[in-house]
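Chains as they are written, first to last, in my numbering: chain A, 5 to 319; chain B, 5 to 319.
2 protein chains.
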Amino acid sequence: VKVVALAGGIGGARFLRGLRAAVPDAEVSVIVNTGDDITLYGLRICPDLDTVMYTLGGGIDEERGWGRTDETFTTRSELQAYDAPASWFGLGDRDLATHLMRRQMLDAGFPLSQVTAALCERWRPGMRLLPMSDDRVETHVVVDDPQTGRSRAIHFQEWWVRHGAALPASAILAVGAETAAPGPGVLDAIGAADVVVLPPSNPVVSIGTVLQVDGVRAALAAKPVVGLSPIIGGAPVRGMADACLAAVGVQTSAQAVGRHYGARSAGGLLDGWLVDSSDAGVTVPGVEVRAVPLLMSDLAATAAMATAALELVLG
Amino acid sequence: VKVVALAGGIGGARFLRGLRAAVPDAEVSVIVNTGDDITLYGLRICPDLDTVMYTLGGGIDEERGWGRTDETFTTRSELQAYDAPASWFGLGDRDLATHLMRRQMLDAGFPLSQVTAALCERWRPGMRLLPMSDDRVETHVVVDDPQTGRSRAIHFQEWWVRHGAALPASAILAVGAETAAPGPGVLDAIGAADVVVLPPSNPVVSIGTVLQVDGVRAALAAKPVVGLSPIIGGAPVRGMADACLAAVGVQTSAQAVGRHYGARSAGGLLDGWLVDSSDAGVTVPGVEVRAVPLLMSDLAATAAMATAALELVLG
Chain A
5 VKVVALAGGI GGARFLRGLR AAVPDAEVSV IVNTGDDITL YGLRICPDLD
55 TVMYTLGGGI DEERGWGRTD ETFTTRSELQ AYDAPASWFG LGDRDLATHL
105 MRRQMLDAGF PLSQVTAALC ERWRPGMRLL PMSDDRVETH VVVDDPQTGR
155 SRAIHFQEWW VRHGAALPAS AILAVGAETA APGPGVLDAI GAADVVVLPP
205 SNPVVSIGTV LQVDGVRAAL AAKPVVGLSP IIGGAPVRGM ADACLAAVGV
255 QTSAQAVGRH YGARSAGGLL DGWLVDSSDA GVTVPGVEVR AVPLLMSDLA
305 ATAAMATAAL ELVLG
Chain B
5 VKVVALAGGI GGARFLRGLR AAVPDAEVSV IVNTGDDITL YGLRICPDLD
55 TVMYTLGGGI DEERGWGRTD ETFTTRSELQ AYDAPASWFG LGDRDLATHL
105 MRRQMLDAGF PLSQVTAALC ERWRPGMRLL PMSDDRVETH VVVDDPQTGR
155 SRAIHFQEWW VRHGAALPAS AILAVGAETA APGPGVLDAI GAADVVVLPP
205 SNPVVSIGTV LQVDGVRAAL AAKPVVGLSP IIGGAPVRGM ADACLAAVGV
255 QTSAQAVGRH YGARSAGGLL DGWLVDSSDA GVTVPGVEVR AVPLLMSDLA
305 ATAAMATAAL ELVLG
């Protein structure tokens, strides 16, 4: 079976580990959000690509969910001693090597997709990681400055990491998305897929950003698509998806997110929508909804979620 | 008293610490070699500037002579795990923060001279560090490839660090020096100086490279210049200066290096030449030579060298 998954960071990465366990022989291509990417100190940092790569490659810090295992933060403490403007960002010493390698290869002229493939030669994730685009797309968040009363756009990472998504957001913009070409292999992978899965990633800044890349939505319209709710019982399982949903006027509920994605038959995305057992009763017009346990508490539970998702649309 | 010193890395930096102790009220400007600079992973690494900055700022590893105290090499071990092509270069985790800050400021449009001044706000070296040029100059070494029998040019750092200067060099080239403009303040500092000191730095790749920057030699011709021999008893005090001297056809002796610099009155550089007590008897036509202990064994000994150097030409 050929599977395409769209992915953001922690939630998506953990789900993919379950998917790999559920269907080890499947040919899986992951289209990864790059809108969270940020350039710091001249380094291109790709949080979602790296989280997926480290998680599938066995290098992730399981507790934090992001960054490397056995990480140290020596460089960061020195950056703080320099009063570096971006020392709020958690750059680990091990993680830095990935960004340095990426910088070296980008400077040598390789596009992000080839850089990602080269990095994956070390990590061997067991599936193909495709950046959604080799072009630069950056998610910016429009916030109101409480001091001046005026709104300004800040980088998603600044909003998410530095401010803990606590500044009310009035809009979330994927800057550059309107001209970004899909990365090499992205549309082909969708075209060849038997099924497309939307993991329980952030529906706005992860999945939503991938969907803004030219041609992705149109390609999905020809394929069975199943999604897993990142919201359980009215709250995000992890992260601060509620703040993102609020910014786009969507309630924080499994039903609202399912309806936000919408039915493929009605111009939306979904054929199937998996919600948590506690959200049984959710309806999304035109979409087959099933309730199963959606907590990724361990690999077996996560694999069961992946199996349920595939079964919902492939039968 | 206003002093200008030309400097390379370890030897120059240690001497400057003695100079600061000898004449704490002097206004010292250091023109630092940037020919050793190398770009790795997109980061501009300035070994001589950083060695001088860390040494004067109390951040140097005293044992190694380069890099930061209490250094760790976590990022480097990860780069090796990626089979990074330049993992032979000793990039420490603390040191990396300096290169990241420099990259950030260079990307923001500041020239190296301003970046250096900003970094020195943290390190407070007690003297003004002036990169010899804001333009890119890179020292390359022409070596014979024993496999092919053909010669090729490699970056100085590759020759020095990776190969330990063990590949015989047929030429040493400061690529870019012929068009490099002196850094802001360089010629003014020389013009205002009461005396110019050439520390016991490498006469070829450190002092020699600074001298190739347009206008520096001409400016020195108007000032009393005193040099300290980096060679004691026919061997470099530290480092592999002999390999560099061989490449330019100069013997490894205090006398040969003094004559290589030459007398200012005869179109060379020197008014005074300080050699080690063990080299008493050395003569350089037209130059006042004095023999004193030249081992920088501790701060007091180094300060005494600096005092002797200034006395030799200022009386």
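Every residue gets a Cβ at the ideal spot worked out from N, C-alpha and C, and that includes glycine.
No experiment lies behind these values; they were computed from the predicted model shown.
Query	Result
Helix, strand or coil at Trp92 of chain B [DSSP, three-state]	coil
Span of the beta strand (DSSP E) around Gly231 of chain A	229-232
Euclidean distance between Cα positions of Val208 of chain A and Pro240 of chain A	12 Å
Contact with chain A by Arg126 of chain B, beta-carbon distance below 8 Å	yes
Nearest candidate by alpha-carbon position, reference Asp111 of chain A, set B:Thr43, B:Asp246, B:Leu23	B:Thr43
N- and C-terminal bounds of the beta strand (DSSP E) containing Trp127 of chain B	Looking at the DSSP string, Trp127 of chain B is not in any beta strand (DSSP E); the run it does join, the alpha helix (DSSP H), is 116-127.
Interface partners of Ala101 of chain B on chain A, CB under 7 Å	Thr79, Glu82, Leu83, Tyr86
Trp164 of chain A - partner residues in DSSP beta bridges	Partner(s): none; Trp164 of chain A has no beta bridge.
Cβ pair Val296 of chain B, Ser282 of chain B closer than 8 Å	no
Whole alpha helix (DSSP H) elements within the stretch 21-92 of chain B, 4-residue minimum	51-61, 78-85
Interface residues of chain B facing Gln108 of chain A [CB-CB closer than 9 Å]	Leu44, Tyr45, Gly46, Ala88, Pro89, Ala90
Residue-level contact to chain B via CB, Asp280 of chain A, 8 Å cutoff	no
Which of helix, strand or coil DSSP assigns to Asp198 of chain A	coil
Cβ-Cβ distance between Ser205 of chain A and Gly15 of chain A below 8 Å	yes
Reference Ser336 of chain A; option with closest CA among A:Gly130, A:Gly46, A:Glu75	With chain A running from 5 to 319 in the structure shown, residue 336 of chain A is simply not present.
CB of Asp255 of chain B within 8 Å of CB of Val288 of chain B, strictly	Reading the sequence as shown, one finds Gln at residue 255 of chain B and not Asp. For Gln255 of chain B and Val288 of chain B, no; Cβs fall outside 8 Å.
Stretch pair the stretch 218-232 of chain B + the stretch 178-195 of chain B: three plus CB contacts closer than 8 Å	yes
Straight-line Cα distance separating Tyr86 of chain A from Arg18 of chain A	36 Å
Through-space distance from Ser233 of chain B to Cys248 of chain B, alpha-carbon basis	15 Å
Nonlocal neighbours in the same chain, by C-beta distance under 8 Å from Met149 of chain A, ignoring five residues either side	Reading off the sequence shown, one finds Asp at residue 149 of chain A, where the question assumed Met. Contacts found: Ser155, Arg156.
CB contact below 8 Å: Thr143 of chain A versus chain B	no
Interfacial residues, the stretch 222-255 of chain A to chain B, with Cβ spacing under 8 Å	none
Assigned secondary structure, Leu274 of chain B (DSSP; H/G/I helix, E/B strand, else coil)	strand
Inter-residue Cα distance where the pair is Leu134 of chain B and Gly187 of chain B	7 Å
Segment contact, 8 Å Cβ cut-off, at least three pairs: the stretch 121-130 of chain A with the stretch 62-75 of chain B	no
Within 8 Å, strictly: CB atoms of Ala26 of chain B and Ala310 of chain B	yes
Local conformation of Leu298 of chain B per DSSP, three classes	coil
Contact list for Met105 of chain B against chain A, beta-carbon separation under 8 Å	Tyr45, Leu83, Tyr86, Ala88
Identified DSSP bridge partners for Asp148 of chain B	B:Ser155
Contact under 8 Å by Cβ, Val229 of chain A with Leu171 of chain A	no
Buried or exposed (CB count within 10 angstroms, at least 16 for buried), Thr79 of chain A	buried
Neighbour list for Asp65 of chain B in chain A, Cβ cutoff strictly below 7 Å	Here the premise fails: no neighbours, minimum Cβ distance about 14 Å.
Cβ-Cβ distance between Ala185 of chain B and Asp139 of chain B below 8 Å	yes
Rounded separation between Leu250 of chain A and Ser257 of chain A - CA only	Going by the sequence as given, residue 250 of chain A is Ala instead of Leu. Going by the C-alpha atoms only, they are around 11 Å apart.
Same chain only: Cβ atoms within 7 Å of Met109 of chain B, ignoring 5 sequence neighbours per side	Val119, Ala122
Start and end residues, beta strand (DSSP E) containing Val179 of chain B	173-179
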